[in-house]
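Taking it in order: structure first as structure tokens, then the write-up.
In my numbering, the protein residues as written are 1016 to 1322.
Right, here's the structure in full:
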């Protein structure tokens, strides 16, 4: 027996989530087999390999692609399944996720952060929903114009600094994360700049710009409780406080209780534009992508998600 969408292509990043994906894979395999699901495993070691594996699945007319990995791995798969203009490479493709640990935040919005036996049960049914995908145009890390899709949350400013520094200090574990947070506070260039959305374009002091398609990021922080991934709009937040604002509010953000706040400006908009005088780093789905100026827009219902 197979799923309603045919045999699934399981794209796995065993080293993701601090190796948690690899440890969970045997239990997931058992659960898939118990539900009679046919599958083929493709192991990848990074975002680029995940993107190529997903693009190959689309070329081979695979209808059901499931990813087991962290948010960067999911980002790679999304960029393999959808062109940078927001057009799916295979119109009837279904994306599934096999939640695999703390660094997989995208599935949380949909209640898919569950154990392998629950994930397998979900994958065996025919329930799906259309979801939006974000598109960001920016200056890439190589200094050239670039375009990238994202499924979950993009950031400009403090959070992107944190992602850059965390990658360097990752071997130090939690202590390295704390050092990265302090480093991001110390090096952030907080600037007064125009932030343009669909209906207004105020000038604001920007500590952190959040462009959220989904609700959770950074290991279960509920950054955007009002984000809906199928409504054709981003939840946009501009943190306008001092450079330590996001760090100081961490516990409130984990609970989704940081809003409303007089130092956070919030909108719902299908587009966002920011071009501060001095370029700020831009990240999405846990990946440092480049620098401002950056334009974000929604590709409405670009993917169908297995729920």
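We put the CB at the ideal spot given by N, CA and C, even for glycine. Here the structure is a predicted model, which is why all the values come from computation and not from measurement.
Going by DSSP, residue 1155 is part of the beta strand (DSSP E) stretching over 1143–1155. Per DSSP, the unbroken alpha helix (DSSP H) holding residue 1265 starts and ends at 1265–1270. Annotated three-state conformation of residue 1214 is coil, per DSSP.
Going by DSSP, residue 1136 is part of no beta strand (DSSP E) but of the alpha helix (DSSP H) stretching over 1131–1138. Closest by C-alpha distance to residue 1022, out of 1031, 1048, 1055, is 1055.
Annotation: residue 1092 to residue 1035 spans about 19 angstroms, alpha carbon to alpha carbon. Residue 1322 carries a coil assignment under DSSP once its states are collapsed to helix, strand and coil.
Contiguous alpha helix (DSSP H) elements confined to the region 1232–1287 occur at 1260–1263, 1265–1270, taking only those with 4 or more residues.
The shortest C-alpha to C-alpha distance from residue 1169 to any of 1156, 1148, 1157 is the one to 1148. Across the set 1119, 1049, 1075, the C-alpha of 1119 shows the shortest separation from the C-alpha of residue 1027. Spatial neighbours of residue 1074 in its own chain (CB-CB distance under 8 angstroms, excluding positions within 5 residues in sequence) are listed in chain order as 1104. Residue 1104 sits in coil when the DSSP states are folded into three classes, being neither helix nor strand. A distance below 6 angstroms between beta-carbons, with the five flanking residues on each side excluded, links residue 1141 to the following residues of its chain, in chain order: 1019. Per the C-alpha coordinates, the member of 1063, 1234, 1249 positioned closest to residue 1178 is 1234. Looking at the backbone, the Cα of residue 1030 and that of residue 1256 are separated by about 37 angstroms.
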